[in-house]
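Residue numbers (my numbering), protein chains in the order written: chain A, 1 to 217; chain B, 218 to 434; chain C, 435 to 651; chain D, 652 to 868.
We put the CB at the ideal spot given by N, CA and C, even for glycine.
These numbers were taken from a predicted model, which means no experiment stands behind them.
Protein chains: 4
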Amino acid sequence: MPSRPTAIETPRRTRRKETRPGELIEAALNLFIEKGFAATKSEEVAQRAGVSKGTLFLYFATKEDLFKAVVRENISSLFPSWNDELANFKGSCGEMLAYAMNSWWHSMGKTKAGGIVKLVMSEAQNFPDIALFYQQEVITPGTQLLKKILQRGVDSGEFRSLDLEQAVFTLVAPMIYLMMWNNSMGCCVSTVNQDMKPEQFIQLQVDVLLNGLKAKQ
Amino acid sequence: MPSRPTAIETPRRTRRKETRPGELIEAALNLFIEKGFAATKSEEVAQRAGVSKGTLFLYFATKEDLFKAVVRENISSLFPSWNDELANFKGSCGEMLAYAMNSWWHSMGKTKAGGIVKLVMSEAQNFPDIALFYQQEVITPGTQLLKKILQRGVDSGEFRSLDLEQAVFTLVAPMIYLMMWNNSMGCCVSTVNQDMKPEQFIQLQVDVLLNGLKAKQ
Amino acid sequence: MPSRPTAIETPRRTRRKETRPGELIEAALNLFIEKGFAATKSEEVAQRAGVSKGTLFLYFATKEDLFKAVVRENISSLFPSWNDELANFKGSCGEMLAYAMNSWWHSMGKTKAGGIVKLVMSEAQNFPDIALFYQQEVITPGTQLLKKILQRGVDSGEFRSLDLEQAVFTLVAPMIYLMMWNNSMGCCVSTVNQDMKPEQFIQLQVDVLLNGLKAKQ
Amino acid sequence: MPSRPTAIETPRRTRRKETRPGELIEAALNLFIEKGFAATKSEEVAQRAGVSKGTLFLYFATKEDLFKAVVRENISSLFPSWNDELANFKGSCGEMLAYAMNSWWHSMGKTKAGGIVKLVMSEAQNFPDIALFYQQEVITPGTQLLKKILQRGVDSGEFRSLDLEQAVFTLVAPMIYLMMWNNSMGCCVSTVNQDMKPEQFIQLQVDVLLNGLKAKQ
DNA sequence: TATGAATGAGTCTTCATTCAT
DNA sequence: TATGAATGAAGACTCATTCAT
């Protein structure tokens with residue numbers, strides 16, 4: 001009976017197994033975003049999750065599986081309740097667009113979710129099913145949402161007639177670019193000194209999208 | 218009499234000091250684009266260049282050096298004629314913008330150079346000096362170029378007054394996005410079936426940038 | 435039913451964290467002595483320790499680190515009891531010298547430790563920190579020890595007056611030489627047939643050191 | 652007829668093939684002494700000899716062969732005309748011994764030859780035929796020489812009766828040690844600060860060998 | 001002969017994964 | 001379940017040696 005502990009025991013190992021995968025995914029998410037898939041060692045992930053290397057593989061058979069879980073888990077959350085907001089929005093379509101883009105930036109663009117998107121785009125070729133999944137979970141519904149906004153604007157005469165399919169890209173591009181930038185070049189802040197001020201950029205972006213660059217005659 | 222060789226044999230061990238680096242960079246370029254930096258093994262690169270493992274390291278001390286060479290070789294060449302074209306361009310600034318964007322797409326967006334840009338953005342965090350290099354060689358001069366166009370437009374009254382710094386991003390974003398898309402999700406054509414028609418997209422993009430989405434009253 | 439195993443199987447993958455480093459050092463010691471540092475491959479070391487290649491690097495980050503560990507482990511232990519023995523020695527200084535030299539031969543000269551000394555002298559140029567370490571751990575304390583003996587002899591009038599610093603070399607030289615010989619030329623016994631009988635040599639050596647070669651008048 | 656050289660041509664490639672091996676051996680000698688056999692790259696050798704890598708292998712089929720040549724070439728020179736000097740020496744045997752040891756130090760101990768001896772002792776195990784060769788060319792004749800001196804001393808009554816075979820080692824040991832030291836630990840002068848003054852050491856050594864440590868009663 | 005580009009077997013080292021405890 | 005010691009396939013890089021010129 002070696003070294004009997006005194007009084008109150010610190011409850012190590014108290015976490016339930018149900019929470020483990022989540023903790024591992026959380027840890028992996030952060031590391032993958034920080035360093036990319038290849039450069040992240042599975043041991044690091046375990047460590048950051050406060051778990052041993054072996055435990056990681058108890059929950060995820062492969063590092064790739066872990067990656068997929070990370071992405072899947074976090075992609076689903078990329079669309080909160082936007083559809084509702086859209087349905088109930090009072091105001092012009094221009095306002096709605098402005099609102100959507102700002103909202104997007106605050107609720108995901110500048111959060112970790114942005115890192116996921118970057119991750120997905122970076123690794124898509126090596127993980128076709130992730131690509132497919134992302135397509136289904138994010139791109140398609142996102143596109144639908146934006147199409148609706150645009151369609152409404154066109155129907156009401158606020159917007160001019162458009163090829164919706166293409167126009168959606170026009171809305172998406174600056175958002176994705178903003179987020180890619182922040183998660184790649186933007187990280188090297190010390191060295192790469194580029195004044196990218198997201199909020200201002202979005203402001204201008206909305207303005208240009210709606211009104212164009214040309215001066216009104 | 219074992220395995221009698223047929224007709225003309227391709228000679229092993231050809232000496233081609235001058236052309237080797239180019240061939241190796243070409244091979245690396247393709248593989249890096251296909252599979253990413255980490256997933257590409259240096260032996261593969263050598264093989265694809267029709268050379269032995271050792272030869273690769275005769276020309277590039279490190280896989281990382283090879284990567285840098287690939288980036289340098291394929292990126293630095295991107296801003297040669299553009300400055301000239303800009304200086305001599307006859308036409309409105311809107312036309313110039315349209316021309317620039319189309320030109321960009323044809324001369325690099327849809328070429329392998331596009332793949333490099335994707336590569337750089339994907340790996341920037343792990344290669345700070347690549348990021349810096351890219352910043353200096355590509356981003357800064359590119360930004361200058363676009364600023365000039367915009368400034369000219371503003372000066373002539375064709376464009377409205379703008380925060381140039383930010384507006385440049387507005388021009389760049391769709392281009393980068395287009396190229397990122399084509400080199401990540403777009404590759405998984407079989408699975409991800411999204412109708413991205415670059416030329417049309419650019420067309421619309423230019424139109425929207427200039428005129429905005431709003432219907433003219 | 436392929437190759438039915440006999441009786442008791444030695445279990446692969448035994449967990450012996452405590453004993454591993456020692457076993458690895460032991461294996462490395464022998465191989466380094468046998469073949470030198472450069473000619474010993476790390477996999478061999480692992481093999482001889484009954485362990486896989488990876489395990490070696492679990493305990494020693496570098497082959498060089500392993501080398502250092504080997505030296506440290508086998509050298510630091512060389513000056514434990516000697517200081518005590520010296521302090522408590524009853525007898526003349528001449529006897530003490532004779533005792534010290536014989537003792538040295540038995541406790542390290544002819545053991546594997548002798549091989550290490552040879553190793554250190556052979557590789558010193560390529561491993562400056564090993565040289566420094568050896569200097570601090572072995573040479574300096576050893577020199578101190580011998581100086582004390584000599585000083586005592588000089589003080590008591592048993593020995594004549596001497597430049598101690600230099601005289602120490604005189605005591606050390608034959609010991610080191612003996613050991614170098616045994617671990618280089620001496621190994622090639624089959625070919626190099628030289629009658630080096632260490633015990634006799636030391637005997638004579640002590641005699642000459644004390645009494646000189648000259649006949650007493 | 653490209654770029655015709657003017658007037659007097661600088662005679663590159665003038666060295667005759669007869670001198671090549673010597674130059675290569677010279678270069679190799681220095682490098683082997685500096686860095687050891689394993690750590691010396693064959694290209695370095697070629698370079699230092701002012702020759703291309705290929706040329707080296709034109710003269711020596713193997714790096715090992717080169718090593719052997721280096722040692723053989725330089726070992727033969729380890730015994731100049733000492734036998735003559737001995738035969739004609741006027742003076743006591745003690746004086747002769749003193750002379751021999753000082754002479755040894757000046758003519759080879761402190762020269763590159765010392766490096767060769769160190770080299771041989773370090774690599775003997777990996778090159779048995781070198782060991783054999785060294786035994787035949789250096790050790791045996793050297794031993795004979797010293798035996799003669801001692802024998803003469805014993806015969807004349809100047810020295811006491813001795814087991815010559817063993818006594819020779821007594822003479823050799825400090826010499827070899829001195830030279831090993833200078834070519835291993837001694838190199839790390841900056842870090843290993845040990846005051847080894849060869850000339851003084853030899854002086855004392857001779858004195859002790861002849862007269863012993865003991866005070867004369 | 002001389003060159004130096006090319007080769008590829010060989011080495012160190014890493015790290016995802018396994019498994020005895 | 002959890003651990004972390006052990007594994008070994010894999011990969012970057014080296015360098016003695018070859019050979020086309």
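Anything in chain A within Cβ reach of Ile393 of chain B, meaning under 9 Å, just list it in chain order. Those within 9 Å of Ile393 of chain B in chain A are Ala173, Ile176, Tyr177, Met180, Trp181.
How many Å lie between Cys405 of chain B and Glu416 of chain B at the Cα? Cα-Cα distance, rounded: 20 Å.
Own chain partners of Ala461 of chain C with C-beta closer than 7 Å, once the 5 adjacent residues on each side are dropped: Result list for Ala461 of chain C: Val479, Arg482, Ala483, in chain order.
Got a sec: is the Cβ-Cβ distance from Met313 of chain B to anything in chain A below 9 Å? For Met313 of chain B, the answer is no, since every Cβ of chain A falls outside 9 Å of its Cβ.
Cα-Cα, which of A:Gly22, A:Met196, A:Pro174, A:Gly114 is closest to Met101 of chain A? The shortest C-alpha separation from Met101 of chain A is found at A:Pro174.
Lys848 of chain D - DSSP class collapsed to helix/strand/coil: Lys848 of chain D carries a coil assignment under DSSP once its states are collapsed to helix, strand and coil.
So the candidates are B:Thr257, B:Pro297, B:Glu312; which of them puts its Cα closest to the Cα of Ser324 of chain B? Among B:Thr257, B:Pro297, B:Glu312, the Cα nearest to that of Ser324 of chain B is on B:Pro297.
For Asp814 of chain D, return the contacting residues in chain C, with the cut-off set at a CB-CB distance below 8 Å. Simply Gln634, Leu638.
Delimiting residues of the alpha helix (DSSP H) encompassing Met752 of chain D: In the DSSP assignment, Met752 of chain D falls within the alpha helix (DSSP H) that extends over 744-755.
When you compare each of B:Asn343, B:Ser309, B:Ala278 to Leu241 of chain B by their alpha carbons, which one comes out closest? Minimum Cα distance to Leu241 of chain B is reached at B:Ala278.
Which residue wins for smallest C-alpha separation from Gly591 of chain C, given the options D:Trp733, D:Phe778, D:Leu855, D:Leu864? Checking every option, the nearest Cα to that of Gly591 of chain C belongs to D:Leu864.
Do Phe386 of chain B and Leu132 of chain A come within 9 Å of each other at the CB atom, strictly closer than that value? No, they are not a contact pair.
Report the rounded CA-to-CA distance for Val287 of chain B versus Ile393 of chain B, giving the unit in angstroms. So the alpha carbons of these two residues sit roughly 19 Å apart.
Can you give me the start and stop residues for the alpha helix (DSSP H) that Ala278 of chain B sits inside? Counted as a single uninterrupted DSSP element, the stretch harbouring Ala278 of chain B is not any alpha helix (DSSP H), since DSSP gives it neither H nor E.
Could you give the first and the last residue of the continuous alpha helix (DSSP H) run that contains Arg237 of chain B? It spans 237-252 - the alpha helix (DSSP H) in which Arg237 of chain B sits, taken as one unbroken run.
For Leu520 of chain C, would you say it is in contact with chain D, using Cβ-to-Cβ distances shorter than 9 Å as the test? No, Leu520 of chain C lies away from the interface with chain D (no Cβ there is under 9 Å from its Cβ).
CB contact check: Tyr351 of chain B to chain A, cutoff 9 Å: Yes, because at least one Cβ of chain A sits closer than 9 Å to the Cβ of Tyr351 of chain B.
Taking C-alpha atoms, which residue in C:Gly470, C:Ser511, C:Asn464 lies nearest to Ala558 of chain C? Ranking the options by Cα distance to Ala558 of chain C, first place goes to C:Gly470.
By Cβ distance, which residues of its chain are closer than 7 Å to Thr577 of chain C, with the 5 residues on each side in sequence left out? The beta carbon of Thr577 of chain C is closer than 7 Å to those of Val602 in its chain, skipping five residues each way along the sequence.
Could you spell out where the alpha helix (DSSP H) holding Ala649 of chain C opens and where it closes? In the DSSP annotation of this structure, Ala649 of chain C is not part of any alpha helix (DSSP H), being labelled neither H nor E.
For the alpha helix (DSSP H) that contains Thr357 of chain B, what are its first and last residues? The continuous alpha helix (DSSP H) containing Thr357 of chain B extends over residues 357-372.
Interface flag, Gly253 of chain B vs chain A, CB-CB below 9 Å: Yes, because at least one Cβ of chain A sits closer than 9 Å to the Cβ of Gly253 of chain B.
Delimiting residues of the alpha helix (DSSP H) encompassing Asn400 of chain B: Counting along the chain, the alpha helix (DSSP H) containing Asn400 of chain B begins and ends at 381-400.
Below 7 Å CB to CB, which residues in the same chain sit around Trp321 of chain B once its five sequence neighbours on both sides are set aside? Only residues of its own chain outside the window of five on either side were considered, and among them Met392 have a CB closer than 7 Å to the CB of Trp321 of chain B, listed in chain order.
Can you pull the chain B neighbours of Gln166 of chain A, defined as C-beta to C-beta under 8 Å? Within 8 Å of the CB of Gln166 of chain A, the CB atoms of chain B belong to Lys414, Gln417, Phe418, Leu421, in sequence order along the chain.
For the ligand ATP, any of its heavy atoms closer than 8 Å to the Cβ of Glu633 of chain C? In the structure on display, the ligand ATP does not appear, and there are no ligands present to speak of.
With DSSP run on the structure shown, which of helix, strand or coil describes Phe350 of chain B? DSSP places Phe350 of chain B in helix when its eight states are reduced to three.
For the alpha helix (DSSP H) holding Asn126 of chain A, just list the boundary residues, first then last. No alpha helix (DSSP H) holds Asn126 of chain A; DSSP gives it neither H nor E.
If contact means a Cβ-Cβ distance below 7 Å, which residues of the segment 102-128 of chain A contact chain B? Within the segment 102-128 of chain A, the qualifying residues are Met121, Ser122, Ala124, Gln125, Asn126, Pro128.
What's the call for Asn834 of chain D, buried or exposed, on a 16-neighbour Cβ count within 10 Å? With 16 or more other Cβ atoms within 10 Å, it is buried.
So, Asp163 of chain A versus Leu421 of chain B, is the Cβ gap smaller than 9 Å? Taking 9 Å as the Cβ cut-off, Asp163 of chain A and Leu421 of chain B qualify as a contacting pair.
Indicate whether at least one CB of chain D lies closer than 9 Å to the CB of Ser618 of chain C. Yes, contact with chain D.
Of the residues D:Met772, D:Glu746, D:Ile790, which one's Cα is nearest the Cα of Phe810 of chain D? The shortest CA-to-CA distance from Phe810 of chain D to any of D:Met772, D:Glu746, D:Ile790 is the one to D:Glu746.
Endpoints, the alpha helix (DSSP H) within which Arg699 of chain D is located: Annotation for Arg699 of chain D: the continuous alpha helix (DSSP H) segment containing it runs 693-699.
Where Gly157 of chain A meets chain B, residues with beta-carbon distance less than 9 Å: The answer, in chain order, is Ala432.
Strictly under 9 Å for the Cβ-Cβ distance: is Leu219 of chain A near chain B by that measure? This structure does not reach residue 219 of chain A, given that chain A is present from 1 up to 217, and the question cannot be answered.
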